[in-house]
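The structure appears below as C-alpha cells.
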C-alpha cells in the first residue's frame, strides 16, 4: 500500500488541472492502526512477497484508525483496493468533524475484485479523525491501495452529474450539463442546500449486493477428476486426435512465458503439439527460455521469425507447423487448466463432427487468484457480432482454418474475432460446441487486454473492421458501429423498401390511467410511420375508458376491437392477429411506454431478417431499473428474466445489457414477429396457457421451427409490470398459475431440465450470469432457488 504524499496529478485528471493552471494535487495516504475486530497475520512486505493476506477480520465490524494525514476539506475521491477471501466486500469511511463517527458522515463503497473502487466524498471542515472499516464480515484481507484525492469543485461536479445521469432514476433522460442547474432549482423549491440533495441522490446510486457465494467458494465445490479417473477415461476414448496449440510470442515476461508453457506440459491429455512462433523478441531471455523447453520435450516446436511481423504473421508461422486435426489458440502469458485438452477430446467423443469447440474462461492476477469468470452461452451468432465472446479456449479444425486463409494481416488486435467470424460462416449449429467448463486463465498483468481492455484501444478498431467485413460479405446495407463499451459493436440492419406495415396488438380492460399514456406514447414517440394500433378491448365498463376508446378510434392509425369473453391473454392476441393487416405483429402490453423514438425501427429491422424469429426489447421499471433483459429457461422452475433490477446504464454481465444477442425466449410485453411465422406455429396456446408462460412457449415453438429469437437493448421502453391485471393473489389465480407452470414443465421438459438433474438456466445460455448476487429491493425477498437458478441472476464477486 502506498504511504507517501504524491504531488503529481495522475493522467486521468491532468487536463482539468492544466486548464485550472494547477500543477499539484493534494493526495492523502493513511497509516492504518487497528482498533477493533482485527488481527495482523503478517507484515505488508512479507505478504507482498508470499502473496498472502495481511489482516484477519474477527467480527463483522473491523475498524482501522486513519493516522498520519487527514484529508483537505471539500470534494475528495476515495480510492480503495482490497484483496479479500469473502463472496463480496464493502468498505466504509467514517469522518469525525466534531460529532463523533456517525452514519451521516460516512461513505459506503462496494469493493471490486481485482480493481480499484472509487467514489466521491464531500468532507466538511474541522476533520478531527477518520475511521476506515475494510469489510463488513469476518475474513482475511490485504489493503493494497487506499487514498483520498482532493478534487477541484469543477471536476467533482462533472463526476457527480455523470453518475446521476448514468445511474439515478430521476436523471436517466437528462443531459449531464442540465443536471446541476435543475438539481439546484429543486433544492431551492424544497428550501435545502443543493449539495445535500445532490449527495443524497449520489448515495442512492450505490447498490448493495447480497452475495450467495464467491467464485472462490464455487471453485472449491467443483468436483475434481483424479489422475486415475482421467487415465481410465482416456483409455476408453475411441477418438484421440492430435491437437496443435498455436503460441505466438513477443517479449513476454519470462516468468509468465514459463507459466504458460508449463501449463501445456501439465496437460492430462498427452496427444498435443505446441507450435511456438517467436516474433523477433528483443529480450534474449525469451529465446533462451523457448530453446530450453524445445530441448526438454519433443512435442514443442519453435520457429524464430527473423523480423517482427505482428501477431497475425506470427500465428500463421505457428499454424504452418501444426500437424494436428485441431488447433488451439493460446496467448504467451496465459494458462490452460491441466484438464483443458482432456475435456476438449471428451466432448469430441460425443460430437466428433465438431469444427469449433470453446470453453468458459476466467482471469488470474499476480497473486495467482482466479476471478472474473466468463460463463458463456452456447452458439450465439448475434452476440458474436457484438463482441468476441468465443475467445478462449478456442479449438478449431485445422483444415478449415487453412481453407479460409488462416489469420489475416490488418486485423491485429482482433485477429481471433476475425478468424471466428470467417470460420463459422456456413457452419451448422451442431458443428459448434461449447464446453461448459473454465479451461483457460487470462493473465491479468499490467498492459494485458485481460486486465483492462481500454489499454489496447487499437483492438476495438480492428474488431470493428472485422465485423464490417463480415457484414459486407453477407448482408448488403448492414452497418457496424462502435458499442458503448470497449471491443463491443452495434449492427444497424437495413429495413426492407418499402417498410412493412406493423400491427401493434394491445389487449386491455378499463384502467384508462394506464392505457391512455401507453397508446398516446406509442403514437407520439414512435418514429416508424407504417403502423396500425389494434386495441383489443376485453369488456371494459368504465365510462372514462370507453370515452377514451371512442376518442382514440378517430385516429386513422387506431382500431378498437371488442373481445367480450373471460380474460385469456393468448386468445385475445390470437384474435387480434387474425384481424391484423400488417406483415409484422407487435405484441404490446397496455402498460408499455417507449423511451427512444426508433424503438420500433430497431425491432422491425431485426424481425425482417429471415433467420430471426421473435424480437424482444429492453424494458424498465418506472424507476429506471431493468425489468426484462431476455428470458432464461429453468429459473424458478420454468423461466425468469435476466439482469432484473440492474440499473439502466450498468453494463451487465460482460457488457451484455448493451449488446444484441440470442435468447431462447423474450417477453410478450413487447415482442415483434413476422405474422407469417406467428401463424405457422399456431400463435399463442390459448388452451393451456391463458395467462402465464404463453410467450415462452411461443418463442420455443418458433425456435424449434428453426429460427433464432433475439433481444435488443436498442429498443427501450418502460413497463409498469402487470399493474392492469394484478398479481396472482387469490386461490383461483394461484391454482391457474400452478397449472400453467406444470404444463410448461411437461411440454418443455427437454428444454427446462437435464435428465436426472435439478432445473438448469436456459440450455442455450447455460451459465450466462456467473454469480449469485441479488440487488436489494423492498419488494424483492431473498431468492432461495438452486445454484443453477441463482447463476442466472447476478455476478460473482
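Residue numbers (my numbering): 427 to 1223. Positions of the beta carbon are idealized from the N, C-alpha and C atoms, including for glycine.
Confirm, please, whether the CB-CB distance from residue j to residue i is below 8 angstroms.
i	j	result
residue 839	residue 885	yes
residue 784	residue 737	no
residue 812	residue 1086	yes
residue 574	residue 528	no
residue 507	residue 571	yes
residue 671	residue 770	no
residue 851	residue 814	no
residue 775	residue 663	yes
residue 752	residue 695	no
residue 925	residue 956	yes
residue 569	residue 560	yes
residue 1033	residue 1010	yes
residue 1019	residue 952	no
residue 1064	residue 1119	yes
residue 1177	residue 1059	yes
residue 868	residue 818	yes
Would you call residue i buried or exposed, if buried means 16 or more other Cβ atoms sit within 10 Å of its Cβ?
i	result
residue 645	exposed
residue 1066	buried
residue 611	exposed
residue 531	buried
residue 580	exposed
residue 1068	buried
residue 648	exposed
residue 854	exposed
residue 627	buried
residue 922	exposed
residue 1161	exposed
residue 744	buried
residue 551	exposed
residue 608	exposed
residue 910	exposed
residue 1157	exposed
residue 459	exposed
residue 650	exposed
Find the nearest neighbour of residue i within the set the options, judged by alpha-carbon distance.
i	options	result
residue 541	1076, 798, 794 and 585	798
residue 748	668, 562 and 774	668
residue 1225	868, 919, 539 and 1016	Shown here, the chain extends from 427 to 1223; a query on residue 1225 therefore has no answer.
residue 1103	1129, 965, 662 and 780	1129
residue 1100	1125, 994, 1088 and 1159	1125
residue 789	497, 870 and 681	870
residue 1088	810, 484 and 697	810
residue 796	757, 865 and 803	865
residue 1047	1021, 1037 and 1034	1021
Given residue i, which residues of its chain have a CB within under 6 angstroms of its CB, disregarding the five upstream and five downstream residues?
i	result
residue 1141	1025, 1028, 1029 and 1043
residue 1133	1039
residue 558	490, 492 and 519
residue 777	859
residue 701	670, 672, 727, 744, 747 and 748
Less than 8 angstroms between C-beta atoms, sequence neighbours within five positions excluded: which residues of the same chain meet that for residue i?
i	result
residue 1106	1131
residue 1072	1051, 1052, 1055, 1078, 1083 and 1201
Look up residue i in the DSSP assignment and say whether it is helix, strand or coil.
i	result
residue 815	coil
residue 640	coil
residue 652	coil
residue 989	coil
residue 517	strand
residue 1065	strand
residue 666	coil
residue 452	coil
residue 676	coil
residue 1115	coil
residue 555	strand
residue 1169	helix
residue 842	helix
residue 730	strand
residue 1042	strand
Suppose the cutoff is 7 angstroms on Cβ atoms and the five residues either side in sequence are ignored; what does the same chain contact list for residue i look like?
i	result
residue 1225	An answer regarding residue 1225 cannot be provided, because it is not within the stretch 427 to 1223 covered by the chain.
residue 588	602
residue 907	915, 916 and 918
Against chain D, with Cβ distances strictly below 8 angstroms, would residue i count as a contact?
i	result
residue 1124	This model lacks chain D altogether, as it is built from one protein chain only.
Is any heavy atom of the ligand SAM found at a distance shorter than 7 angstroms from the C-beta of residue i?
i	result
residue 1089	The ligand SAM is not part of this structure, which contains no ligands at all.
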